[in-house]
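So the sequence lines, in the order shown, correspond to chains A and B.
Here numbering that gives the first Met the number 0 is used: position 176 in the first sequence is 175, and no number is missing along the way.
Here numbering that gives the first Met the number 0 is used: position 294 in the second sequence is 293, and no number is missing along the way.
The structure appears below as structure tokens.
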Amino acid sequence: MKIAICVKQVPDSWAEKKMVGGRLDRESVDAVLNDLDEYAIEEALRIIEPLNEGKETPEHTITLISMGPDRTTEAIRKGLSMGADSGLLVSDAALAGSDAVATAKVLSKVIQDGGFDLVFCGTESTDARMSVIPAMLAESLGWAQLTFAGSVKVDASAKSVEIARMTESGVENMSANFPCVVSVIEKINEPRYPSFKGIMAAKKKQIDTKALADIGIAAGDVGLSGAWSEVLEANPRPAREKGVKLEDAGDGGTKLADYLLEKRLV
Amino acid sequence: MANVLFLIDHDGSKVAKTAGELATFAKRVGSPVGVIIANSGSGDALASQLGGTEVERVVVVENDDVAKHGIAAAVSVLAQVAAEQEPSAVLVASSARGKEIAGRLALRTGGGVITDAVDLKADLSTTQSVFGGSFTVNAKVKVGTPVITIRPSSNEAGAGSGPASVEKFAVTIEAKDKTVTITNSQPPVKGGRPDLTEAKIVISGGRGTNGNFVEVEAMADLLGAAVGASRAATDAGWYPHTHQVGQTGKTVSPQLYIACGISGAIQHRAGMQTSKTIVAINKDPEAPIFDLADFGVVGDLFAVLPQARETIKSKRA
Ligand SMILES: Cc1cc2nc3c(=O)[nH]c(=O)nc-3n(C[C@H](O)[C@H](O)[C@H](O)COP(=O)(O)OP(=O)(O)OC[C@H]3O[C@@H](n4cnc5c(N)ncnc54)[C@H](O)[C@@H]3O)c2cc1C
Ligand SMILES: Nc1ncnc2c1ncn2[C@@H]1O[C@H](COP(=O)(O)O)[C@@H](O)[C@H]1O
């Protein structure tokens, strides 16, 4: 079984963000592995580890796939130190400013070419927060879409997957045969911390970096020029006006009630 | 004027409140055509609930494959309706499902996609709030038919005499869109309280409730509010996952948000920081939630909430 996991490098959630010309200034902030993707890595590891146990050369492998600037290798390296086998980064100056459509195009091309059985994703990237890439990968690959999984069961010999999809619309149990795109929610597991051994081993693992020409996608089809949507304007939200903060001296509830009534909020 | 399609959400028997909101946005940019995808025999009852909205026409597709096979099948239906109606845009309410449908539909019909818009202008440009509400962005689809998801409660549904007409449309769903089989589905447990994304007031409890939501719920009932929870509270099993507010829960933007015993972690803020007025009750004066709060009480929620409730009750009387 060959599993691909799509991982993204994102600005640290706590970092102050700047936007330049409608785009996030990714250079100015610390970048980390999208934490929601760690759940996907953890889940895939839990699926293949028991199957590989005792095998000389592992039959089941995990490749981390990412699209992003060169320094994305740092995020990939973190995933490798958790236990994934190899990495593949698509990095190209022409990719800057890509929208979801272009991202799906690039990722699905390398997934298609890699001969994978399954793709795992997080449910959302903490920067773009669109939650659309996994579904769009299923669409462009023509694979089964098993997303927002709160639990995953893979039967490697029957080549089938069962999940419980957990969203605001409730819980749905669903199944499909390989190949599938699976995205997992953050309630599914507790991602491991890379061990010292894992970190050392990751240094020797292979990360392939490919340019657009290597994967056969034209520069004009992606990036800012190929995007099907564009940002016209981006403005920081005006800072919230400083509010009132009072210590409860026995009448905090009354004061709160007065505030709400006076402002006609209740 | 060109047709503007919008997908009408429902739970099988009841049409979602977003139907009227989407109709009003659709009317701003073209002639609104609602699409109801339902099981055989249930479409008319759903369409009949659209009276009083600005839905002018409804296309009802009755097809049991969507309930059986999920999102790809729904995308197939919408793509076929779109091919027939040639809309200038397709609107979908933002939800996990709505966004996934939108993303796939955009690829299938060759248009761009924008998610989580909070406003839509006549030229089809959108307003979105990004990075947890710290930036406001205006965006536009420049290729193909735009597919746009719109956050619930972004506008007030206008009043109209709709629906003027209801037409049935038959579709066939190909095997490639039936690769997933849904074996069981359980709707979310709905209490008597308003829906989180629809409510004008949301009151949320966090780890500070220590598992006791009685005060939070009592306040919610007095104010007609929805109840939310931080991840600490849902992870502990104190409140259902479907009530989680934040990055991996729901994004809410009510008139009033009251955070009780919630510290204000960035992931929580991402789901509530665009609320119009924010109130926080927290024992810790240093809690980051106070940076957002228009009105903060440093105190014990179990003392502050009941007192506030009694005061509101007596002053209202
Ligand atoms: C990938 C990821 C996704 C996440 N997604 C979300 C999300 O969607 N939503 C979310 O909320 N979190 C999310 N989190 C978790 C988030 O980081 C915080 O851990 C969480 O929000 C903390 O919840 P809390 O504020 O209830 O608990 P705490 O941070 O423990 O805060 C409890 C607060 O209650 C106060 N308190 C205690 N007792 C009382 C009392 N009697 N009266 C008044 N105040 C009291 C304390 O002073 C404290 O400030 C996510 C985390 C990760 C890693
Ligand atoms: N540039 C990217 N490279 C690799 N994976 C990505 C990229 N963007 C998104 N993904 C994957 O898609 C998921 C959802 O992202 P999004 O739709 O952007 O919210 C993420 O959790 C990742 O698994």
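All residues carry an ideal CB built from backbone N, CA and C; glycine is no exception.
Requested in this report: Grab the span of the alpha helix (DSSP H) containing residue 40(A) for me, first residue to last.
Outcome: 34-51 is the extent of the alpha helix (DSSP H) around residue 40(A).
Query raised in the report: Could you give the residue range of the beta strand (DSSP E) that holds residue 255(A)?
Result: Segment 251-261 is the alpha helix (DSSP H) holding residue 255(A); no beta strand (DSSP E) there.
Query raised in the report: Identify the residues that DSSP records as bridge partners of residue 33(B): which are they?
Result: Residue 33(B) is bridged by DSSP to 5(B), 57(B).
Report task. With a floor of 4 residues, list each alpha helix (DSSP H) that falls wholly inside the region 141-223 of chain B, ordered by position along the chain. Result -> Segments of the alpha helix (DSSP H) lying fully in the region 141-223 of chain B: 213-222.
Requested in this report: Kindly indicate which residue of 214(B), 247(B), 165(B) has the alpha-carbon position closest to the one of residue 230(B).
Outcome: Selected option, being the one with the closest Cα: 247(B).
Report task. Pull out every residue of the region 228-247 of chain B whose Cβ sits closer than 7 Å to any Cβ of chain A, in chain order. Result -> Within the region 228-247 of chain B, the qualifying residues are 240, 241, 246, 247.
**Report entry** For residue 167(B) and residue 61(B), believed in contact at Cβ under 8 Å, the rounded distance
**Finding:** Taking 8 Å as the upper bound for CB-CB distance, residue 61(B) and residue 167(B) are in contact here, some 7 Å apart.
Requested in this report: Taking only beta carbons into account, state which residues of the region 101-115 of chain B come closer than 9 Å to chain A, listed in chain order.
Outcome: Residues 101, 102, 103, 104, 105, 106, 107, 109, 110, 111, 112, 113, 114, 115.
Report task. Could you give the DSSP three-state label for residue 305(B): helix, strand or coil? Result -> Assignment of residue 305(B) by DSSP, reduced to helix, strand and coil, places it in the helix class.
Query - Top-ranked residue by Cα proximity to residue 154(A), from 107(A), 136(A), 140(A), 179(A) - result: Of the listed residues, the one whose Cα sits closest to residue 154(A) is 179(A).
Query raised in the report: Looking at residue 57(B) and residue 327(B), is the spacing between their C-beta atoms short of 8 Å?
Result: This structure leaves residue 327(B) out entirely; chain B is present only between 0 and 316.
Query raised in the report: residue 72(B) lies in the alpha helix (DSSP H); which residues open and close that run?
Result: Taken as a continuous stretch (DSSP letters only), the alpha helix (DSSP H) holding residue 72(B) covers 70-84.
Query - Cα-Cα separation, residue 247(A) to residue 130(B) - result: Residue 247(A) and residue 130(B): Cα-Cα distance of roughly 33 Å.
Requested in this report: Flag this pair as yes or no: are the beta carbons of residue 143(B) and residue 108(B) separated by less than 8 Å?
Outcome: When the beta-carbon positions are compared, residue 143(B) and residue 108(B) come within less than 8 Å of each other.
Query - Three-state secondary structure assigned by DSSP to residue 15(B) - result: In the displayed model, residue 15(B) falls within coil according to three-state DSSP, outside both helix and strand.
Report task. Rounded to whole angstroms, what's the CA-CA distance from residue 212(A) to residue 141(A)? Just pull it up for me. Result -> When rounded, the distance between both Cα atoms is 24 Å.
Query raised in the report: Between residue 203(B) and residue 228(B), which are expected to be in contact by the criterion C-beta below 8 Å, what is the C-beta distance as a whole number of angstroms?
Result: Their Cβ separation, rounded to whole angstroms, is 6 Å, which keeps residue 203(B) and residue 228(B) in contact under 8 Å.
Query raised in the report: Does any residue of chain B bring its CB to less than 8 Å from the CB of residue 147(A)?
Result: Under the Cβ criterion of 8 Å, residue 147(A) is counted among the residues facing chain B.
Requested in this report: Report the neighbours of residue 98(A) on chain B: residues whose CB is nearer than 7 Å to its CB, in chain order.
Outcome: The contacting residues are 111.
Query raised in the report: In three-state DSSP terms, what is residue 68(A)?
Result: In this structure, residue 68(A) counts as coil in the three-state DSSP scheme.
Query raised in the report: Would you say residue 106(A) touches ligand 2, meaning its beta carbon is less than 7 Å from a heavy atom?
Result: The answer is yes for residue 106(A).
**Report entry** Residues that residue 180(B) contacts on chain A, provided the C-beta gap is smaller than 8 Å
**Finding:** Ordered by position in chain A, the residues that pass the 8 Å Cβ test against residue 180(B) are 173, 174, 175.
Requested in this report: Collect the residues with a C-beta less than 5 Å away from any heavy atom of ligand 1 and give them in sequence order along the chain.
Outcome: Qualifying residues come out as 34(A), 185(A), 205(B), 206(B), 207(B), 229(B), 230(B), 231(B), 245(B), 246(B), 247(B), 248(B), 260(B), 261(B), 262(B), 264(B), 266(B), 267(B), 281(B), 282(B), 283(B), 286(B), 299(B), 300(B).
Query raised in the report: Does the Cβ-Cβ distance between residue 182(B) and residue 165(A) come in under 8 Å?
Result: Not in contact: residue 182(B) and residue 165(A) (Cβ atoms no closer than 8 Å).
Requested in this report: Taking residue 304(A) and residue 28(B) to be in contact with their CB atoms under 8 Å, please state how far apart those CB atoms are, rounded to whole angstroms.
Outcome: Given that chain A is displayed from residue 0 to residue 265, the structure contains no residue 304(A) and the question cannot be resolved.
**Report entry** CB contact below 8 Å: residue 44(A) versus chain B
**Finding:** Taking Cβ atoms only, chain B never reaches closer than 8 Å to residue 44(A), which makes this a no.
Query raised in the report: Is the number of C-beta pairs between the region 106-121 of chain A and the region 179-196 of chain A that are closer than 8 Å three or more?
Result: Yes: the two stretches touch, three or more of their Cβ pairs being nearer than 8 Å.
Query raised in the report: Helix or strand or just coil, what does DSSP make of residue 287(B)?
Result: In the structure shown, residue 287(B) sits in a helix (DSSP, three-state: H, G or I).
Query raised in the report: Given that residue 58(A) touches chain B, what residues does it touch there, using C-beta distances under 8 Å?
Result: The premise fails here: residue 58(A) is roughly 25 Å from chain B at the closest Cβ pair, so nothing lies under 8 Å.
Requested in this report: Measure from the C-beta of residue 139(A) to each C-beta in chain B and report whether the shortest distance is under 8 Å.
Outcome: Any Cβ of chain B closer than 8 Å to the Cβ of residue 139(A) would place that residue at the interface, and such an atom is present.
Requested in this report: Please report the residue range of the beta strand (DSSP E) in which residue 149(A) lies.
Outcome: For residue 149(A), the enclosing beta strand (DSSP E) covers residues 143-154.
Requested in this report: May I ask you to check if the CB of residue 123(A) is nearer than 7 Å to at least one heavy atom of ligand 2?
Outcome: Within 7 Å of the C-beta of residue 123(A) there is at least one heavy atom belonging to ligand 2.
Requested in this report: In the DSSP assignment, find the unbroken alpha helix (DSSP H) run with residue 95(B) in it and report its ends.
Outcome: Following the DSSP letters along the chain, one finds residue 95(B) inside the alpha helix (DSSP H) bounded by residues 95-108.
Query raised in the report: From which residue to which residue does the alpha helix (DSSP H) around residue 16(A) run?
Result: It is not in any alpha helix (DSSP H) - residue 16(A) carries neither H nor E in the DSSP assignment.
Query raised in the report: Along chain B, in chain order, which residues have C-beta atoms closer than 7 Å to that of residue 234(A)?
Result: Close to residue 234(A), with beta-carbon spacing below 7 Å, are these residues of chain B in chain order: 134, 135.
Query raised in the report: In the DSSP assignment, what residue or residues form a beta bridge with residue 255(B)?
Result: DSSP output for residue 255(B) lists 200(B), 276(B) as bridge partner(s).
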